[in-house]
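In case it helps, full-length UniProt numbering puts the sequence shown at residues 1 to 254. The next block holds one structure in the form of structure tokens; read it before the comments.
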Amino acid sequence: MPLEALRKYPVCPDLLLPEELSNLDFRDYDPPADAQADDNEYWNTGLCTEMLAEYFKSYILGGFPRRLPPSTCSLADMRQLNWISVPHPFLLGAGLDCYYPSSRNFWSAGPILEPKPSGDQVYSHTTLVVTQDCEGSNDSMLFGELAPIICSMYNRARQPQVPNEDQESMFDAPEKIAQYDLQFPEEVHFPVMLISFVGPQHGRIFCCYMNGGELIIHQSKLYNFERKESAPFDLFASFALSQTNVFQMFVVAV
């Protein structure tokens, strides 16, 4: 979603009741000097990234008031994007929430977005917001970023074409999956946009797709979300709310 279009619909605190204004609060990353000793749980990386992701989720999925077009409940709705949730057959696959193999660190994916179908046309593109409970660096990517990218592509490649009325039963009887055709039998790219929030309170964007036998990954720099006044929420929202032309936008913008 172009930034200039996004900025036509700013968050509007005046639409809230006085007692609701605290819903817009954002915790700046400002741990006391003795945080390790006294407030470790309150300032630990996992909690910081989880709170950041929840704020971002509200930013794009209708948690904050905006003056949107009639019959539109959120920016994602305006952009014709669906929030993937149970019993969506994409979630029959695994790997979107997991622990690192040799440590107690974890990653967790959600929300996950996809373009709404257009008539009979369905789109394989997925956008994942993923939280990490460890820090990242500009010269590498985390296992907890690579794994959900691969799992998202795998889940899309294996996703069965299940009628809405049968989707819930698939989670109780996964052996029935083989009875259905694949949802994307002709897809070869399986594009994924990953919004990754890492410690201490930072984020970055990955744009990924298959090209023949190669996994192509475009990675942005790390962006700082430690202060609300300078946090690039609009930039990240513009990518999360993108549709199928996202790859060209990524290369130009980040």
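Ideal Cβ placement from N, Cα and C applies to all residues, glycine included.
Query	Result
Check whether the Cβ atoms of Leu92 and Ala109 sit closer than 8 Å, and answer yes or no.	no
Based on Cα-Cα distance, which residue from Ala240, Gln201, Asn23 and Glu229 lies nearest to Trp43?	Gln201
Which of helix, strand or coil does DSSP assign to Leu182?	strand
Buried or exposed: Asn155, going by 16 or more other Cβ atoms within 10 Å of its Cβ?	buried
Less than 8 Å separating the beta-carbons of Ala237 and Leu6?	yes
State the Cα-Cα distance for the pair Leu68 and Glu175, rounded to the nearest angstrom.	43 Å
Please tell me whether Ile112 and Ile84 are closer than 8 Å, where the distance is taken between their beta carbons.	yes
Report the option in Lys57, Ala33 and Met193 whose CA atom is closest to the CA atom of Met153.	Met193
Closest by CA to Glu226, which one among Phe26, Thr126, Leu75 and Phe184?	Phe26
My assumption, with CB atoms under 8 Å, is that Tyr29 sits in contact with Cys48. Please give the rounded CB distance.	6 Å
Between which two residues does the alpha helix (DSSP H) harbouring Met153 extend?	Phe143 to Arg158
Roughly how many angstroms separate the alpha carbons of Asp38 and Asn105, rounded to a whole number?	Summary for Asp38: the model assigns pLDDT 49, below 50, so the residue's position carries little reliability; its value from the coordinates is reported in the next sentence. Rounded to the nearest angstrom, the two C-alpha atoms are 21 Å apart.
Bridge partners for His202 per DSSP, in chain order?	Val198 and Asn224
Are Gly199 and Cys151 closer than 8 Å when you measure CB to CB?	no
Could you tell me which residues DSSP pairs with Thr45 in its beta bridges?	Partner(s): none; Thr45 has no beta bridge.
With a threshold of 16 other CB atoms inside 10 Å of the CB of Tyr209, please say whether the residue is buried or exposed.	buried
Roughly how many angstroms separate the alpha carbons of Val251 and Ala157, rounded to a whole number?	Because the pLDDT of Val251 is 47, which lies under 50, any placement of that residue in the model is unreliable, and the question is left without a value.
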